[in-house]
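Put into structure tokens, the structure is as follows:
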């Protein structure tokens, strides 16, 4: 038996997952997480500051100790939204490789969306629906039709970046963003799919804290859901603190994470919600197991 590690560099945290192969399938043995808030170190010009780069180096050095404890025979390190957006990403990858002898693979938005779908498919059977994965710096949208992905798209905005843009600067109206995204989705879907058949919303990310309260097998009213989302977006910070169910470290980015959902529920007739806590790492493990099963046939 041997172990390998998968390290995911996200917008707010870096996670090390230790895996082993058991009965022909890869499974998770342990998971360690470091909070790094890289999205807060990304400038308006999309440059990741030195402090953010140092956070990455620090976390990777800490995880080396974990890998040594499990005597890992291999490691795969990948990054999603923040490093994909950072204009100095290639310099960062080279610096980490030179200092720590670690290669960081930056996933494309399309690959990230596909892996998110695989993670969902491994946990849930869904014939028709819309998957929205809201990260700190990017949002992946997948439309599922007849149990297969019919449309993937990665947007270069996330909960943290949207919150900074629309709620930390009073001069910019978030409603314009929602309208523009809605129009973009409507235009895209008209060319591809009939949206009337997609009534299930699956959400991953910051909005989970609100939508898990709404998760139900009963039919929901899209209008009521929209109204409640609008009320949340329009609350002030003090009102958020009194709600009691939003984690303190999520509050600065919470509002931004709701904006893509407002656009989605206006394009698709959502009547049911599934809330999932999935990771791209889980998608990679699923992909490895699919490949293993295919090779064994």
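In this note's numbering, the protein residues as written are 5 to 301. Note that the Cβ used here is the ideal one computed from N, Cα and C, for glycine as well.
Report task. Express the C-alpha separation of residue 172 and residue 89 in angstroms, rounding to a whole number. Result -> As a working mapping, residue 89 is identified with position 85 in the chain shown. As a working mapping, residue 172 is identified with position 168 in the chain shown. Distance between the alpha carbons of residue 89 and residue 172 is about 20 Å.
Query raised in the report: How is the beta strand (DSSP E) around residue 197 delimited, first residue to last?
Result: Translated into positions along the chain shown, residue 197 becomes position 193. No beta strand (DSSP E) contains residue 197, which DSSP labels as neither H nor E.
Report task. Taking 8 Å as the cut-off, decide whether the C-beta atoms of residue 250 and residue 10 are in contact. Result -> Taking the chain shown and counting its residues from 1, the one referred to as residue 250 is at position 246. Taking the chain shown and counting its residues from 1, the one referred to as residue 10 is at position 6. Their beta carbons are not under 8 Å apart, which means residue 250 does not touch residue 10 by this criterion.
Query - Per-residue DSSP class, three states only, for residue 35 - result: On the chain shown, position 31 is the one that residue 35 refers to. Of the three classes helix, strand and coil, the one that applies to residue 35 here is strand, per DSSP.
Query raised in the report: Would a C-beta distance cut-off of 8 Å place residue 86 and residue 15 closer than the cut-off?
Result: Counting from one through the chain shown, the residue named residue 86 turns up at place 82. Counting from one through the chain shown, the residue named residue 15 turns up at place 11. Their beta carbons are under 8 Å apart, which means residue 86 touches residue 15 by this criterion.
Report task. Indicate whether the contact test is met: 3 or more Cβ pairs, each with one atom in the stretch 92-111 and one in the stretch 38-49, closer than 8 Å. Result -> no
**Report entry** Given 8 Å, three or more beta-carbon pairs between the stretch 149-168 and the stretch 94-101
**Finding:** no
Query - Environment of residue 54 [buried if 16+ CB atoms lie within 10 Å] - result: Looking up residue 54 in the chain shown gives position 50. Classification of residue 54: exposed, given that the 10 Å Cβ count is below 16.
**Report entry** residue 75, enclosing beta strand (DSSP E) - first and last residue
**Finding:** In the chain shown, counting from the first residue as 1, residue 75 sits at position 71. Run containing residue 75: none; DSSP gives neither H nor E here.
Query raised in the report: residue 183 bridges to which residues according to DSSP?
Result: Working through the chain shown from its first residue, we reach residue 183 at position 179. Bridge partners of residue 183: none, in fact.
Report task. Verify whether the separation of the beta carbon atoms of residue 267 and residue 186 is less than 8 Å. Result -> Here residue 267 corresponds to residue number 263 of the chain shown, with the count starting at 1. Here residue 186 corresponds to residue number 182 of the chain shown, with the count starting at 1. Contact flag set, yes.
Query raised in the report: Cβ of residue 76 within 8 Å of Cβ of residue 18?
Result: Sequence index remark: in the chain shown, residue 76 carries index 72 (1-based). Sequence index remark: in the chain shown, residue 18 carries index 14 (1-based). No.
**Report entry** residue 140 beta carbon less than 8 Å from that of residue 118
**Finding:** The residue you call residue 118 lines up with position 114 of the chain shown. The residue you call residue 140 lines up with position 136 of the chain shown. For residue 118 and residue 140, no; Cβs fall outside 8 Å.
Requested in this report: Report yes if the CB atom of residue 207 is closer than 8 Å to the CB atom of residue 136, and no otherwise.
Outcome: Residue mapping note: residue 207 aligns to position 203 of the chain shown, counting from 1. Residue mapping note: residue 136 aligns to position 132 of the chain shown, counting from 1. Yes. Within cutoff.
Query raised in the report: Taking residue 121 as the reference, which of 292, 286, 293 has the closest Cα?
Result: Mapped onto the chain shown, residue 121 falls at position 117. That would be 286, whose Cα lies nearest to the Cα of residue 121.
Query raised in the report: By Cβ distance, which residues of its chain are closer than 8 Å to residue 273, with the 5 residues on each side in sequence left out?
Result: Taking the chain shown and counting its residues from 1, the one referred to as residue 273 is at position 269. Here the set comprises 199, 200, 202, 203, 226.
Requested in this report: Could you give the DSSP three-state label for residue 21: helix, strand or coil?
Outcome: Here residue 21 refers to the residue found at position 17 of the chain shown. In the structure shown, residue 21 adopts extended strand secondary structure according to DSSP, grouped into three states.
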